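Which chain is which? The protein sequence lines are A and B, in order. Numbered by this note's numbering, the letters in the first sequence go through residues 1 to 412 in order. Numbered by this note's numbering, the letters in the second sequence go through residues 413 to 824 in order. For each residue, glycine too, the CB sits at the ideal point set by N, CA and C. It should be emphasised that the depicted structure is a prediction, and the values quoted were computed from it without experimental measurement. Everything on this sheet refers to the single structure shown next.
Protein chains: 2
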Amino acid sequence: MAPPAARSPLAPERFPAIPPVAGVRFAAVAAGIRYRDRLDLMLLEVPEGSSVAGVFTRSATPGHPVLWCRKQLARGRVRALIANAGNANVFRGEEGDRAVEAEARAVAAALHCRPDEVFVASTGVIGERLPVERITARVPELVAKLRPDAIEEAARAIMTTDTFPKGSFATCRIDGVPVTIAGIAKGSGMIAPNLATMLAFIVTDARLPHAVLQALLSSAMDTSFNAITVDGDTSTSDTVLLFASNRAPHHPVREPQDSRLADFADALRAVCEDLAVQIVRDGEGAQKLVTITIEGAVDDASARRIGLTVANSPLVKTAIAGGDANWGRVVAAVGRAQEPIELAHLSVAFGGCWVARDGAAVADFDEKPIAAHLAGRAVDIRIVVGRGPGKARVWTCDLTRGYIDINAAYRS
Amino acid sequence: MAPPAARSPLAPERFPAIPPVAGVRFAAVAAGIRYRDRLDLMLLEVPEGSSVAGVFTRSATPGHPVLWCRKQLARGRVRALIANAGNANVFRGEEGDRAVEAEARAVAAALHCRPDEVFVASTGVIGERLPVERITARVPELVAKLRPDAIEEAARAIMTTDTFPKGSFATCRIDGVPVTIAGIAKGSGMIAPNLATMLAFIVTDARLPHAVLQALLSSAMDTSFNAITVDGDTSTSDTVLLFASNRAPHHPVREPQDSRLADFADALRAVCEDLAVQIVRDGEGAQKLVTITIEGAVDDASARRIGLTVANSPLVKTAIAGGDANWGRVVAAVGRAQEPIELAHLSVAFGGCWVARDGAAVADFDEKPIAAHLAGRAVDIRIVVGRGPGKARVWTCDLTRGYIDINAAYRS
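Listed below in C-alpha cells is the structure:
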C-alpha cells in the first residue's frame, strides 16, 4: 500500500469543536478491515423515534450498502448507522448483500432494535470480498464505547485517502428553540486500488418527520455536495444521510416550506457547503481551491451545469495549477456545456479582474494582479454567460502531477 | 514558448505514401503567424464543380471560421480551403469575422472564384487577434506553389502541439471505377496558451453531390472522430471537411444508400478511423493507446456513450498509465454513464482476460498475462454491459504526468 499522503495544504487548521447533539452518540474502533492500527469502523446511534433522510449515488452500478439503505429509507425507521473504510462492498453479487444484512443484524442484536432500523455504509476498494466477520466481531465493543462527544473519531474512521478528518456544525432556532446540526464527511479522492467515495453523515436534534428532512436535504444538495467536483468521477457508493433525534422541544413542523424552518434550512445548507468544500480541499494532489461563480444563465440549474463543466475541464484545472489566466480554456468549457448562453454578453474574470468582456478579449488587461491572485491558494473565477436570472457557485481544485502520481500507483 | 515535444512513442513510423487525387492540389508556407520557421499556412484547391460536406464543433462558443464555413456549406459551392495554425481566431467579435472574410477574398482574387467558395479554418491560441495580413500577403505565393503531391506539407502546416503529421488514404471502386480518398488531420491535444483543435480535411475524386457526401461523412463520424477522446474537452474550432473533385468517370450516384457506394462508404470510414486513432496516438503525454469495446448495450449510440464515459474517466486513464488492471474504476465509470445496463451480465476483460464476469469479480484471476498486456503500448478493454445488440469501439490514451506538465506550463 502507498504510504499515507501528507496533509493537504488546503486543510483547515484543526477539526472544529463540535458540541454534542441531544440523543446522538458515536463510537469508532480499529477493526483491521484493510488498514492496520487506525480507526476504520464507526457506529452512530440515534434514539427510538428518530427520523432519517438520504441521498445516494446515481450510479447504475451502486454498492450493496447503497441498495440496502435505499430500501430501509422507504420504511422510515432508524436507530443506527454502521460505516467502515477500507472495503466498499461493491460488485460482489449475493455475497455482498448477505454481508450488509450480517452487519445490520449484529448491530440490531446489540442495540435491541430491528435490522431494518440499521443503516450501512462502506468505502474503499471495490470488487473484493468484505471481511464482514471483522466488523460483526467488534459491534459489542462499539456499542459499549458509544459517547455523545466521539464525533471526531467517527470522522477519522471513514477516511480512506483523505488527509484530514472533515467535520462541521451550526446552531440555529426552530420556533425560538435552539437546535444543533453536526456533520462529518469523507472525500471523493480516489487512490489505487481504493475507489473511494463521498460519504456525509449529518445529525440534528430537530423534531422533524422524514418527509420534511428529505425535502430540506435534497434542497441543500444542489448548492453543496452536488456543486463540487474533484475529477468528475461519480462513485458507486456516494451516500449522504441526515438523522434527526427529534429531541429538541419545539412544536412539530410538518411542511418543509414552513417559515419556522428558514433558519434551520440555512444552517443545514451551511453545514453541507462547509463539508463539501472540505472535500474539495482534500482533492488528490490539490494545491488550490477554485471557486467558480456563474451568473446570467437562464436558470440556476443551467448555471450549475455550466459551472460543473468548467470545473471538470482538465485544461482549466491544469491551467490553474500552472498559474495561467487561460480564459480561452474557460470560454471553451462554457461552450462545451451546450447550455443556452448569450455569446455577446460572455465575460470572464479571475480574482475580480475582467479578462474577457461582452464576447471578446479585454485588450491589454494588466496580468500582474491576476498572476498574483493565481499564485495563491484560493482562486476565484467569475463567469457571466448572459442576462438571465440563473446563478450558481461550484468548487473544484487544480489538477497537478500529484493527482497522477497518486492514481497511477500500482496496486501491489 | 515551450520547446517542441518529442515525437509521440505511439506515432506511426512514417507519413503514408498518399497518391494524388485527381483535380486536387495543395500548398503550404511558413507565414510566421505564431511559430517561427515552420509551415503554418496551407491552401487546398479543388476544381470548379466540386462538392463539399462538413461537420463542426457543437460548442456554443464556436470560432469565427466555423461560423463562416457553416454559412458557406449551406450554399454548396467550393473551390478552396485556407487553413492556418498558431491562432484560432476565436472570441474576437466583429474583427474576427472580418479577418475570415479577408482571407476568403484574398484566395478568391488569386483563384478567380467567389469568396463564398472559399472555406477557412484556424487552430491555435484563442482570444488573440489573428494577424490576418500575414496570411493574405502569402496567398499569391501559395497559389503559385499548388501541387497535386504536397499533401504532407499541408498536414505539417496545421500542426500545433502535434508531434507528427497525420495522413491516411484508401482506394475503392464506385460502380467499378477506381476512386481515391485521402485525408490529413491534426490533433486535439492542447497546450498553453494554445487551445488547439481537431481539424480533418479529406479529399476524393468521387463524383458525388453535397447531400450524398454529407450523409456519408456524418455516418462515418460516429465510428471515428466522435469515438475518440483525449481529455473530453471539445474545442471551439473542431472542423471536419470532405471535398469531392467529381473527376472520377463513374455514373452519377444520387442516394447515400445506393449499394454502389458501399465500398466507398467503407473506405471513407477507414480513412476517418485511421486519422482519428492517429489523433489519439498523439494525445498529450500519451504513452499507451487504449481501445475500449462495448458490447451488449441497448443500441450502438448507448454503447458509444458508455465507452466514451469510460474513456474520459481520469481514474481509468491514470490506472492504465500505472499498468493497473483496475476494473473497479471501469465498472464505476460504466455506472456513471447512466445508460441502461444489466448489472448481472456486466463483464470486463483486459487484453482478453476476464477480470469481472456476470456482475461479480472473477475469483483469483491470473494477473500475470494482464500485467504483461498493460505494460505494452496498446491496451484493450472489453466491456459487456448486458445482452442487447448495441456495440461500439472507442479510443483514448492514458493520462500521465506529461499531460499535466504540458498543460500547466505558463504562457510566457
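Residue i and residue j closer than 9 Å at C-beta
i, j, result
"A83 (chain A)", "M42 (chain A)", "yes"
"F169 (chain A)", "P16 (chain A)", "yes"
"L44 (chain A)", "V179 (chain A)", "no"
"S462 (chain B)", "V490 (chain B)", "yes"
"V555 (chain B)", "A440 (chain B)", "no"
"A99 (chain A)", "V132 (chain A)", "yes"
"T61 (chain A)", "D238 (chain A)", "no"
"V52 (chain A)", "L213 (chain A)", "yes"
"S224 (chain A)", "C272 (chain A)", "yes"
"G352 (chain A)", "R329 (chain A)", "no"
"P752 (chain B)", "S725 (chain B)", "no"
"G747 (chain B)", "S59 (chain A)", "yes"
"A361 (chain A)", "F503 (chain B)", "yes"
"T171 (chain A)", "P19 (chain A)", "yes"
"R348 (chain A)", "V384 (chain A)", "The identity of residue 348 (chain A) in the sequence shown is Val, whereas the question assumes Arg. Yes, the pair counts as a contact, with Cβ atoms nearer than the cut-off."
"A31 (chain A)", "I158 (chain A)", "no"
"I417 (chain A)", "A104 (chain A)", "As displayed, chain A neither begins before 1 nor continues past 412, which places residue 417 (chain A) out of reach and without an answer."
"R450 (chain B)", "R526 (chain B)", "no"
"E507 (chain B)", "R482 (chain B)", "no"
"P577 (chain B)", "A623 (chain B)", "no"
"A286 (chain A)", "A185 (chain A)", "no"
First and last residue of the uninterrupted alpha helix (DSSP H) at residue i
i, result
"C172 (chain A)", "From DSSP, C172 (chain A) is part of no alpha helix (DSSP H) but of the beta strand (DSSP E) over K166 to I174."
"R510 (chain B)", "G505 to L523"
"F264 (chain A)", "A262 to R281"
"G335 (chain A)", "W327 to R336"
"L611 (chain B)", "Looking at the DSSP string, L611 (chain B) is not in any alpha helix (DSSP H); the run it does join, the beta strand (DSSP E), is L611 to T616."
"S631 (chain B)", "H622 to M633"
"E545 (chain B)", "V544 to T548"
"I793 (chain B)", "Note, I793 (chain B): premise wrong, no alpha helix (DSSP H); beta strand (DSSP E) at A790 to V796."
"R75 (chain A)", "H64 to R75"
Proximal chain B residues relative to residue i, where beta-carbon distance stays under 9 Å
i, result
"Q72 (chain A)", "Neighbours of Q72 (chain A) on chain B: none; closest Cβ ~20 Å, over 9 Å."
"L308 (chain A)", "Residues of chain B passing the Cβ test: none, with the nearest at roughly 13 Å."
"L216 (chain A)", "What L216 (chain A) touches in chain B: nothing, since even the nearest Cβ is about 26 Å away."
The beta strand (DSSP E) enclosing residue i, as first and last residue numbers
i, result
"K186 (chain A)", "V177 to K186"
"E153 (chain A)", "Counting along the chain, E153 (chain A) falls outside any beta strand (DSSP E), though it belongs to the alpha helix (DSSP H) covering I151 to A157."
"S51 (chain A)", "S51 to F56"
"R247 (chain A)", "Run containing R247 (chain A): none; DSSP gives neither H nor E here."
"A28 (chain A)", "R25 to V29"
"N226 (chain A)", "Element bounds for N226 (chain A): n/a, residue is neither H nor E."
"N499 (chain B)", "A492 to N499"
"T573 (chain B)", "Segment: none, T573 (chain B) is in no beta strand (DSSP E) and carries neither H nor E."
Expected contact under 8 Å - CB spacing of residue i and residue j to nearest Å
i, j, result
"E754 (chain B)", "R799 (chain B)", "6 Å"
"E284 (chain A)", "N407 (chain A)", "7 Å"
"G599 (chain B)", "I691 (chain B)", "4 Å"
"V722 (chain B)", "W807 (chain B)", "Not really, about 11 Å apart at Cβ, beyond 8 Å."
"S420 (chain B)", "T575 (chain B)", "5 Å"
"V551 (chain B)", "A518 (chain B)", "4 Å"
"A356 (chain A)", "V331 (chain A)", "7 Å"
"A594 (chain B)", "I640 (chain B)", "Contact flag wrong, Cβ pair sits at about 20 Å."
Chain B contact residues for residue i, given Cβ-Cβ distances below 8 Å
i, result
"L343 (chain A)", "A472 and T473"
"L199 (chain A)", "None at all; the shortest Cβ gap to chain B is about 15 Å."
Beta-carbon neighbours of residue i, restricted to chain A and to distances below 8 Å
i, result
"V702 (chain B)", "Those do not exist, as V702 (chain B) stays about 14 Å from chain A at its closest Cβ, beyond 8 Å."
"A558 (chain B)", "Sequence check: residue 558 (chain B) is Leu here, not Ala. By Cβ distance, chain A contributes nothing, its closest Cβ being about 33 Å from L558 (chain B), past 8 Å."
"L687 (chain B)", "Result: empty, since nearest Cβ-Cβ is about 22 Å, beyond 8 Å."
"L422 (chain B)", "Near L422 (chain B) there are no residues of chain A at all, since even the closest Cβ is about 17 Å away, more than 8 Å."
Residues that residue i contacts on chain B, provided the C-beta gap is smaller than 7 Å
i, result
"L268 (chain A)", "What L268 (chain A) touches in chain B: nothing, since even the nearest Cβ is about 27 Å away."
Check: residue i C-beta below 8 Å from any heavy atom of the ligand SAH
i, result
"F56 (chain A)", "For the structure depicted, the ligand SAH is absent and the ligand set is empty, with no information on it obtainable."
Chain A residues whose Cβ lies nearer than 7 Å to that of residue i
i, result
"L625 (chain B)", "Neighbours of L625 (chain B) on chain A: none; closest Cβ ~26 Å, over 7 Å."
Exercise for the section: Taking a Cβ distance cut-off of 7 Å, strictly less, list which residues of the segment 647–662 of chain B are near chain A, in chain order. Expected result: Contacts with chain A (Cβ-Cβ distance below 7 Å) from the segment 647–662 of chain B involve S647 and T648, listed in chain order.
Exercise for the section: Select from the segment 314–326 of chain A all residues with a C-beta closer than 8 Å to any C-beta belonging to chain B, and list them in chain order. Expected result: Listed by position, the residues of the segment 314–326 of chain A near chain B (Cβ gap below 8 Å) are P314, L315, T318, A319, A321, G322, G323, D324 and N326.
Exercise for the section: Can you give me, in chain order, the residues of the segment 62–93 of chain A that have a beta carbon less than 8 Å from any beta carbon in chain B? Expected result: Shown in chain order are the members of the segment 62–93 of chain A whose Cβ falls below 8 Å from a Cβ of chain B: P62, V90, F91, R92 and G93.
Practice task
Give the residues from the segment 529–556 of chain B that approach chain A closer than 8 Å (Cβ to any Cβ), ordered along the chain.
Solution key: Taking 8 Å as the cut-off between beta carbons, the residues of the segment 529–556 of chain B near chain A are V537, I538, G539 and E540, in sequence order.
Exercise for the section: Check each residue of the segment 352–368 of chain A: if its Cβ is closer than 8 Å to any Cβ of chain B, include it; give the result in chain order. Expected result: Those would be A356, G359, A360 and A361, in chain order.
Exercise for the section: Return the residues of the segment 326–340 of chain A that lie within a Cβ-Cβ distance of less than 9 Å from chain B, sorted by chain order. Expected result: Cβ contacts with chain B: N326, W327, G328, R329, V331, A332, A333, V334, G335, R336, A337, Q338, E339 and P340.
Practice task
Can you give me, in chain order, the residues of the segment 513–526 of chain B that have a beta carbon less than 8 Å from any beta carbon in chain A?
Solution key: Of all residues in the segment 513–526 of chain B, none has a Cβ within less than 8 Å of some Cβ in chain A.
Problem - Members of the segment 453–469 of chain B that neighbour chain A once the beta carbon cut-off is set at 9 Å - result: Cβ contacts with chain A come from T469.
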